[in-house]
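Those protein sequences? They're chains V and L, same order as listed.
If you count the first sequence from 1, you need to add 297 to reach this note's numbering.
If you count the second sequence from 1, you need to add 297 to reach this note's numbering.
In this text, a Cβ means the ideal position worked out from N, Cα and C, and glycines have one as well.
Reviewing the structure listed below.
There are 2 protein chains.
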Amino acid sequence: MVVSFGSRFLAVDWGTTNRRVFLIAGGAVAETGRDDRGVTSVENFEAEAAAIRGRFGDLPMLLAGMVGSNIGWRPAPYVAAPAGVAEIAAGLLWIDDRTAIVPGISTLVGGRPDVMRGEEVQLLGAAAAGLVPASSLLAQPGTHCKWVEMQDGKVADFVTAMTGELFALLRKHGLLAAQLDGEVTLGAAFLEGVEEGKRQDIAASLFGIRAAKMLGRRDDADATSFASGLLIGADVAARLATSGHDTVHILADPMLGGLYSAAIEAHGRAAHLIDSHAAFVAGINEIVKQ
Amino acid sequence: MVVSFGSRFLAVDWGTTNRRVFLIAGGAVAETGRDDRGVTSVENFEAEAAAIRGRFGDLPMLLAGMVGSNIGWRPAPYVAAPAGVAEIAAGLLWIDDRTAIVPGISTLVGGRPDVMRGEEVQLLGAAAAGLVPASSLLAQPGTHCKWVEMQDGKVADFVTAMTGELFALLRKHGLLAAQLDGEVTLGAAFLEGVEEGKRQDIAASLFGIRAAKMLGRRDDADATSFASGLLIGADVAARLATSGHDTVHILADPMLGGLYSAAIEAHGRAAHLIDSHAAFVAGINEIVKQ
């Protein structure tokens, strides 16, 4: 089914716990709204879609993210990497003649299976809008950090590291939880953690946080920053070991983006922060054009 | 204070959640008992010691493990590695003239602080009793796996990896918990995990478990064994990368010992399982002799 979205349409970045709606007019964002109606808190997606149209306008709608997963509205099968705007546009799952879901991308990088769903819009948008070179290394830090090799504007390959999730688990449960109740700050302790992360030996480095306390070797106020540096550092070390790019382009909020930037610079590479909302809108516009 | 323990005495392996008492007579175990009165469930250690003597005999008593930590009876300061039986015996913390606590050992291996408390008795005992060569590599798998370089019968250096704790956290909380509810078996999926663990890239390899499910690449019944192999495999890979020993001597129960053995053999080294209770008794006897 090929339907024109026209110059006015709605785009929804619909994740597990949050949702952001964009009213796009002539390629620009005319209106936007964010709420906590992620897919896990929605039962009737048709009614939700109608409510969105009720608020933002009775327009064609393009949905991306977990809304296309098996916990969303309807599963949109993954498109295999390498995948660009054309492959994504060809893989749209049409709910009706003016409502479509963007498919995710799958890969088997070095025999390791990986998937993304939602991130592809930002990635392809960043390349299409010239926010990053058409062939470049991108990182999307978060609970599950995506590292993406773009080639000629396509997602050629990618790896997901559950760095943020491991950090959250360790702060909440187990031996280190009591020590990891501080704030993360970008300073000496974080960078010491990045250095330790170069060993890529997380299970032992983490126990070192406990031992440092027992031996009075580190102020416990620094433990959280050290742990963050360790996990982000190990993530960065693993990825840069197999990438020759001089620069990593980061799609993230300034706080997390700043931490990844510092870790990347500690490895002698450059880091470049990208506006992820601008990238999302650019990506949606490119998909709609096709 | 130097007091003779005589030929009949009590030895207690007193951990966080469990406790094992040995009545030693003429160097051999005359009687033993295990219960769940670990240090976290004990408030009055004097009364507990009296109760042990009430049951096993009014004898001198040597205590090892978390009983000597800051959550135990009284903190017994760590002895710095390299530490052998003589250093441990000299560092005993005497509660009274017939009750002593074995100190733990600390190290700063390659700038990374580490501590042990309780494991030292088994380790030194294994070497003293000839269960392992005086210079060898030992592993004590568990929640926190100890890897120990023995030199001339002393603990020269060691590293702790919280491999077991990470596995437990992942089975209980977060993205993978629902997939990791099976049993661990020593088979193809475990060995596939060991192979993946050679990357020493846990955060990304773990996400691969999720992706494999999404892409239908692995039967979910195998996910737990794969995850176990991955974590143990990464632990083994990190340790063998910095050790030239042909053989690793393992102090563990047969199940966990078997998993570590398989991972070590997958790295082309030999594994040798040791009776950890025999090692503990040998270690206590050596300390008492001095």
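For Gly-505(V), at least one C-beta of chain L is nearer than 8 Å to its own C-beta. Taking a contact to require three or more Cβ pairs closer than 8 Å, the segment 455 to 468 of chain L and the segment 436 to 449 of chain V do not qualify as touching. Closer than 7 Å at the C-beta level to chain L, one finds these residues of the segment 404 to 421 of chain V: Arg-409, Pro-410, Asp-411, Val-412.
Listed along the chain, the chain V residues whose CB falls inside 7 Å of the CB of Leu-477(L) amount to none; the nearest CB is some 13 Å away. Take Leu-389(V), set aside five residues on each side of it, and the residues of its chain with a beta-carbon closer than 6 Å to its own are Ala-397, in chain order.
Sequence-distant Cβ neighbours of Leu-570(L) in its own chain, meaning closer than 6 Å and more than five residues away, are Ile-547, Gly-554. Closest in alpha carbon position to Ile-561(V), among Pro-400(V), Asp-532(V), Glu-583(V), is Asp-532(V). The beta carbon of Leu-512(V) falls within 8 Å of a beta carbon belonging to chain L, placing the residue at that interface. Interface annotation, Ala-485(V): not in contact with chain L, CB-CB separation never under 8 Å.
Excluding residues up to 5 positions away in sequence, Arg-468, Gln-476, Leu-477, Asp-478, Gly-479, Glu-480, Val-481 lie with their Cβ nearer than 8 Å to the Cβ of Thr-521(L) in the same chain. Under the three-state reduction of DSSP, Leu-435(V) is assigned to strand.
Residue pairing of Ala-397(V) in beta bridges, as defined by DSSP: Leu-359(V), Trp-391(V). Restricting attention to Val-578(L), Ala-474(L), Lys-495(L), Ser-304(L), the CA atom closest to the CA of Glu-416(L) is found in Val-578(L). With contacts defined as CB atoms closer than 8 Å, Gly-494(V) and Gly-530(V) qualify as a contacting pair.
Under DSSP, Met-413(L) forms a beta bridge with Ile-402(L). Positions of the beta strand (DSSP E) runs, each at least 3 residues long and wholly inside the segment 547 to 573 of chain V, are given as 567 to 571 in order along the chain. Between the alpha carbons of Ala-347(V) and Thr-337(V) lies a distance of about 18 Å. Around Ser-573(V), the same chain offers Gln-419, Leu-548 as residues with beta carbons nearer than 6 Å, after the five sequence neighbours per side are excluded.
Proximity of the segment 509 to 527 of chain L to the segment 422 to 439 of chain L falls short of the contact definition, fewer than three beta-carbon pairs being nearer than 8 Å. Here Arg-496(V) carries a coil assignment [DSSP, helix/strand/coil]. From the beta-carbon of Gly-471(V), the residues of chain L found nearer than 7 Å are Glu-462, Leu-466. According to DSSP, Met-447(L) shares a beta bridge with Ser-433(L), Val-452(L).
One Cα belongs to Ala-308(V), the other to Gly-362(V), and the distance between them is close to 11 Å.
Note that the C-beta distance between Ala-575(V) and Leu-405(V) is not below 8 Å. Nearest CB-CB separation between Thr-521(L) and chain V: not below the 8 Å threshold. Of the candidates Leu-360(L), Ser-432(L), Gln-497(L), the residue whose Cα lies closest to the Cα of Ile-581(L) is Leu-360(L).
Rounded to whole angstroms, the separation of the alpha carbons of Met-511(L) and Thr-544(L) is 39 Å. The straight-line gap separating the alpha-carbon atoms of Ala-386(L) and Ile-584(L) is approximately 6 Å. At a cut-off of 8 Å between beta-carbon atoms, Ser-502(L) makes contact with chain V.
The DSSP-derived three-state label of Asp-310(V) is strand. Per DSSP, Asp-333(V) lies in no beta strand (DSSP E) segment and is marked neither H nor E.
Boundaries of the beta strand (DSSP E) harbouring Arg-317(L): 316 to 322, taken from the DSSP string. In terms of beta-carbon proximity, His-441(L) lines the interface with chain V, with at least one pair separated by less than 8 Å.
For Ala-509(L), the chain V residues whose Cβ falls inside 7 Å of its Cβ are Pro-410, in order along the chain.
Exposed is the label assigned to Lys-586(L), since fewer than 16 other Cβ atoms lie within 10 Å of its Cβ.
Check the Cα spacing between Met-358(V) and each of Arg-305(V), Ala-380(V), Ala-485(V): the tightest is with Arg-305(V).
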